[in-house]
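Colleague: Chains as they are written, first to last, in my numbering: chain F, 81 to 253; chain C, 58 to 659.
Before I ask anything, let me first share the structure, which is written out below as structure tokens.
Rendered as structure tokens:
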């Protein structure tokens, strides 16, 4: 999985740019499977990407188009996916999203994630073997009706809380 | 289909409310490239020359380049242009951040705004849809509040916004436009132009990823550039400090403006340096879209936090005003960013006043009782607030230093350090002669970014002989060869502005040249941008800008520097005893251009 270190991300979005270019030879947020959320005024930038969560909410696909690959990544079948949006609705952090008639989600680029390659701040790190699965159960509450962007913002706010506290603590010393 | 380019141009008439979309014509783009070049050409074609900059007839242009928002590192910029309210000649200013790429993804190369809305408005663009919306509830809010409010009410945190603050609303002549809270189109008063049109903000959301003509070649070219950037000897310093590294760098050359250019060496530089900022107050790196340098920084002092500052702001609010208080400068940086005020021009108005007080040309009574002694923080804070709201004497300051000094007269004009009405940046030209020439001839007035002739600081003498015919071109104190250097750098600077790319990377890190830029343009757009064609386009642009400025009333006699830099030798330091023989360099520059003795193209 791809681990995020909020304290290091500069918000440059090179992960987005290279994810999008690798998968489609085009550059744009909507073509990317990792999306950087910016909380401006707080200095926070968070790359939000599939956390291979314990619960695997998105796999309850009505078309059975979503399975789990050998690296633990989510695999979307391009032939079975009807872009119904059920997975997008179920993911509590906005990490899977419909664009151009298919659900886009991190596929780990076949084991060599381009986003990680291009991040020279170590804000995202690839862990080939997941030692401890992340639970997103508590993120599920209150997500009904929220857009993927709004869900990403919610998730970003949660995982950035500690970073802000640490920064502020060093200023009070 | 069109590659690289967004493919459309948006026309908005704020008076009638009419919005039109035009297709981008590739034949036209071959002549202008994009960004600043595209904007300048639009002014040439469509602007009535004698128009009052604050009238509805003035054009407000927002342009991006063919490579903006692509795989190219630093391709984050956008340029805002119009007839400048501050100078009355060509005005434009660029910024990075994330707005430019978003505009491209919405499918636009340029927004052309004319007219004046009857009430405060903002422009909302979402791909194919564009509308003028009421901004009455945002009027009066600062830039940070405006950005946050708009994102909240539109229910989309990823929307990109450019906005003005109270300074722009109150028509402060050097008001800025900002995106991402702290990325500023700072110079020539483009925020004032927004305010004059009752335009509070432009909000953009684009969902269509940008395609290039030849992705394989383009990727290879971009990878090559990335490797050059990372291998650059300044890479780590730039990553740690960004432009604030210039505080100690300029001080060590004896050209750090101190007490309003009375000295080039600042005794307390270590207390206000980029090194100290990075060590004590920076919490992390910040970055524009798709950059691997991350030269911007986020700081927290315990009392105030923000992205920034850049060198110009840091110097303008420390040594230039005789203040050794770093935390105060950071507080001012946040204030200026919120209110939307250019730090260089505002700093110059205050520096001018302080020097005039020192010399007894002005008294406290002239300045509403403000005690503008060197480094007096309370007075600096007070006058800035008075400028933003045009209160008392702040109303005169808000007109810019040239107008301010003319109002007082009594010899104070000699201490108003501007060229053509645009206040000088922080770098004493007496120790960097090519920069001096750039300030004198720049088509938007006293500023370095039109050429950024960093080459004179490199001491690459053999390369200087090869490129410019004399080893002197790489000697910062020499005047010989500088006209050739500036003429060359001016084209390269325009190139980066047309792409639109970051100048710190493209130019200062010596990453772009005409050959590589042409290759990028060809692979990106699929259009026949040969090096010859690109060179012709750039030369035509510079000529057209000159003609446009002459039609705005510019005269060759204005291609000069304030008298201090020509007549008063620098006291002490590594640039000791130096002055700028500006006339000689300007004449040489005209000669290379093929212009006559008065600076008129033949």
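We put the beta carbon where it would ideally sit given N, CA and C, even for glycine.
Answer with buried or exposed for residue 309 of chain C, where buried requires no fewer than 16 other C-beta atoms within 10 angstroms of its C-beta.
Modeller: Exposed, by the Cβ-count rule.
Colleague: Thinking residue 107 of chain F and residue 235 of chain F are a contact (beta carbons under 8 Å), I'd like their distance in whole angstroms, please.
Modeller: Between residue 235 of chain F and residue 107 of chain F the Cβ distance is about 24 Å, and since that is not below 8 Å, they are no contact.
Colleague: Is it buried or exposed for residue 186 of chain C, if we count other Cβ within 10 angstroms and need 16 for buried?
Modeller: Exposed.
Colleague: Can you check whether the CB of residue 331 of chain C is closer than 8 Å to the CB of residue 660 of chain C?
Modeller: Chain C is shown from 58 up to 659; residue 660 of chain C falls before or after that span and cannot be answered.
Colleague: Can you tell me the Cα-Cα spacing of residue 223 of chain F and residue 229 of chain F, whole angstroms?
Modeller: Between residue 223 of chain F and residue 229 of chain F, the C-alpha separation is close to 11 Å.
Colleague: Assign residue 180 of chain F to one of two classes, buried (16 or more other C-beta atoms within 10 Å of its C-beta) or exposed (fewer than that).
Modeller: Exposed is the call here.
Colleague: Is it the case that the segment 85-103 of chain F contacts the segment 343-357 of chain C, given that we only count it when at least three CB pairs across the two stretches are under 8 Å?
Modeller: The segment 343-357 of chain C vs the segment 85-103 of chain F: in contact.
Colleague: Looking at the unbroken beta strand (DSSP E) that takes in residue 217 of chain C, where does it start and where does it end?
Modeller: Note, residue 217 of chain C: beta strand (DSSP E), 217-220.
Colleague: Please work out which residues of its chain come closer than 6 Å, Cβ to Cβ, to residue 458 of chain C, disregarding the five sequence neighbours upstream and downstream, and give them in chain order.
Modeller: Taken in chain order, the residues that qualify are 405, 406, 409, 473, 475, 480.
Colleague: Taking only three categories from DSSP, how would you classify residue 659 of chain C?
Modeller: It is coil, neither helix nor strand.
Colleague: Using a beta-carbon distance below 8 Å, is residue 229 of chain F in contact with chain C?
Modeller: Yes, contact with chain C.
Colleague: Please state the DSSP three-state secondary structure of residue 537 of chain C.
Modeller: Three-state DSSP puts residue 537 of chain C in coil, outside helix and strand.
Colleague: Indicate whether at least one CB of chain C lies closer than 8 Å to the CB of residue 235 of chain F.
Modeller: So, not an interface residue.
Colleague: Taking the straight line between their C-alpha atoms, what separation do you get for residue 631 of chain C and residue 617 of chain C?
Modeller: Whole-angstrom Cα-Cα distance: 24 Å.
Colleague: Exposed or buried, residue 58 of chain C, counting other C-beta atoms within 10 Å across all chains shown (16 or more means buried)?
Modeller: It is exposed - the Cβ of residue 58 of chain C has fewer than 16 other Cβ atoms within 10 Å.
Colleague: Compare the C-alpha of residue 521 of chain C against each of C:505, C:594, C:542, C:509 and name the closest.
Modeller: Measuring from the Cα of residue 521 of chain C, the nearest candidate turns out to be C:542.
Colleague: Which residues, in order along the segment 89-105 of chain F, keep a beta-carbon less than 9 Å from a beta-carbon of chain C?
Modeller: Listed by position, the residues of the segment 89-105 of chain F near chain C (Cβ gap below 9 Å) are 89, 90, 91, 92, 93, 94, 96, 97, 98, 100, 101, 104, 105.
Colleague: Excluding the 5 residues flanking residue 494 of chain C on each side, which residues of the same chain have their C-beta closer than 6 Å to its C-beta?
Modeller: 539, 543, 642, listed in sequence order.
Colleague: What do you reckon, are the CB atoms on residue 658 of chain C and residue 600 of chain C nearer than 8 Å?
Modeller: Yes, these two residues count as a Cβ contact at 8 Å.
Colleague: Taking buried to mean at least 16 other C-beta atoms within 10 Å of its own C-beta, is residue 469 of chain C buried or exposed?
Modeller: It counts as buried.
Colleague: If distances are taken between C-alpha atoms only, which option among C:124, C:105, C:235, C:72 comes closest to residue 170 of chain C?
Modeller: The residue with the shortest Cα to Cα distance from residue 170 of chain C is C:72.
Colleague: Taking just the CA atoms, how far does residue 487 of chain C sit from residue 626 of chain C?
Modeller: So the two alpha carbons sit approximately 8 Å from each other.
Colleague: Please decide whether residue 266 of chain C counts as near chain F, where near means a Cβ-Cβ distance under 8 Å.
Modeller: Closer than 8 Å to some Cβ of chain F, the Cβ of residue 266 of chain C qualifies, so yes.
Colleague: For residue 596 of chain C, report the span of its beta strand (DSSP E) as first-last.
Modeller: Careful: residue 596 of chain C lies outside any beta strand (DSSP E), inside the alpha helix (DSSP H) at 588-608.
Colleague: Keeping to the same chain, check which residues put their C-beta closer than 7 Å to that of residue 148 of chain C; ignore five residues upstream and five downstream.
Modeller: These residues qualify, in order along the chain: 138, 139, 140, 141, 245, 246, 247, 501.
Colleague: Hey, out of C:312, C:161, C:424, whose CA is closest to residue 377 of chain C's CA?
Modeller: The candidate whose alpha carbon is nearest that of residue 377 of chain C is C:312.
Colleague: Let me confirm a value: residue 126 of chain F is counted as buried when at least 16 other C-beta atoms fall within 10 Å, else exposed. Which label applies?
Modeller: Per the 10 Å Cβ criterion, buried.
Colleague: List the whole-angstrom C-beta distance separating residue 166 of chain F from residue 182 of chain F, where the pair is believed to meet the contact cut-off of C-beta under 8 Å.
Modeller: No, residue 166 of chain F and residue 182 of chain F are not in contact; Cβ-Cβ is about 13 Å, not under 8 Å.
Colleague: Does the segment 121-140 of chain C come within contact of the segment 89-101 of chain C, defined as at least 3 CB pairs closer than 8 Å?
Modeller: Flag = yes, the segment 121-140 of chain C and the segment 89-101 of chain C touch.
Colleague: Between F:215, F:248, F:89, F:188, which has its C-alpha nearest residue 289 of chain F's C-alpha?
Modeller: Beyond the ends of chain F as shown, which are 81 and 253, falls residue 289 of chain F; an answer cannot be given.
Colleague: If residue 579 of chain C and residue 571 of chain C are in contact, beta carbons under 8 Å, what's the gap, nearest whole angstrom?
Modeller: Incorrect: roughly 12 Å between the Cβ atoms, too far for contact.
Colleague: Tell me whether the segment 414-422 of chain C and the segment 380-396 of chain C touch, counting them as touching only if at least three CB pairs, one residue from each stretch, are closer than 8 Å.
Modeller: Short answer: they don't touch.
Colleague: Using a C-beta to C-beta distance shorter than 8 Å, which residues of chain C count as neighbours of residue 205 of chain F?
Modeller: Ordered by position in chain C, no residue passes the 8 Å Cβ test against residue 205 of chain F, which lies about 16 Å from the chain.
Colleague: Measure from the C-beta of residue 223 of chain C to each C-beta in chain F and report whether the shortest distance is under 8 Å.
Modeller: No, no contact with chain F.
Colleague: Whose Cβ in chain C lies nearer than 7 Å to the Cβ of residue 190 of chain F?
Modeller: Those do not exist, as residue 190 of chain F stays about 18 Å from chain C at its closest Cβ, beyond 7 Å.
Colleague: Hey, does residue 355 of chain C have any beta-carbon neighbour from chain F nearer than 8 Å?
Modeller: Closer than 8 Å: yes.
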